[in-house]
Amino acid sequence: MKVDNIKNVVGTVTAPARKVYTTVKKSFLNDVARNNFKKAAPAALICTGGFSLLSLIPNRKTDGKQKKLEKKSGTLAAIAFAVASFKKFFNAENKTLKNLFNDVKKLNFKDGLEKLKTNKSNVIVYLASIVGVKVLTDIATKGIDGIVNDVAEPKKLGD
Numbered sequence: 054m055k056v057d058n059i060k061n062v063v064g065t066v067t068a069p070a071r072k073v074y075t076t077v078k079k080s081f082l083n084d085v086a087r088n089n090f091k092k093a094a095p096a097a098l099i100c101t102g103g104f105s106l107l108s109l110i111p112n113r114k115t116d117g118k119q120k121k122l123e124k125k126s127g128t129l130a131a132i133a134f135a136v137a138s139f140k141k142f143f144n145a146e147n148k149t150l151k152n153l154f155n156d157v158k159k160l161n162f163k164d165g166l167e168k169l170k171t172n173k174s175n176v177i178v179y180l181a182s183i184v185g186v187k188v189l190t191d192i193a194t195k196g197i198d199g200i201v202n203d204v205a206e207p208k209k210l211g212d
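Quick look at the structure:
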């Protein structure tokens, strides 16, 4: 590949990456979004901690790899956090999730944001926190699993 082609590809990729970075950074500086995140932080900690404890499930494989449930713990934690924190991030205190989604589904995106009394920053922080819960749960699950495997020396298949 020519150096000019690589330079063009890097230039093409860096501009959108900078825009995404500045958008997310500005979203975390928004007072409303930051306050909503602070309200939802206990749910994030509970989901991350609770689902990472799935790594305590006995592991009887010789290769020490995680089982299906342990691998899915991050996804399960993200789903649980998304449901638990939805009312904290959006104006949905006296509504059920089903009714709220039916109302929002009928609207376009701007009208939906207005009905939820939120802004783009709040949505970005909500989505970033869901991804953060998934990543942290995956890291914690792997870490706990590694510690348990070192300390407990699980039985190998056939033992």
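First residue of the sequence shown? That's 54 in this note's numbering, and the numbers climb one at a time after it. For each residue, glycine too, the CB sits at the ideal point set by N, CA and C. Everything numeric in this text was worked out from a predicted model, so none of it was measured.
Find the nearest neighbour of residue i within the set the options, judged by alpha-carbon distance.
i, options, result
"residue 137", "105, 174 and 92", "92"
"residue 88", "174, 203 and 107", "174"
"residue 76", "176, 121, 188 and 190", "176"
"residue 97", "107, 202, 204 and 181", "181"
"residue 142", "99, 196 and 83", "83"
"residue 94", "140, 70 and 65", "140"
For residue i versus residue j, is the C-beta distance shorter than 8 Å?
i, j, result
"residue 134", "residue 186", "yes"
"residue 104", "residue 126", "yes"
"residue 109", "residue 122", "no"
"residue 101", "residue 190", "yes"
"residue 90", "residue 188", "no"
"residue 131", "residue 59", "no"
Using three-state DSSP, classify residue i as helix, strand or coil.
i, result
"residue 61", "helix"
"residue 125", "coil"
"residue 143", "coil"
"residue 172", "coil"
"residue 110", "coil"
"residue 89", "helix"
"residue 202", "helix"
"residue 115", "Its pLDDT being 47, under 50, residue 115 is placed unreliably by the model, and nothing is read from it."
"residue 70", "helix"
Determine, using beta carbons only, whether residue i comes closer than 8 Å to chain D.
i, result
"residue 103", "Checking the listed chains, one finds no chain D in this structure; it contains a single protein chain."
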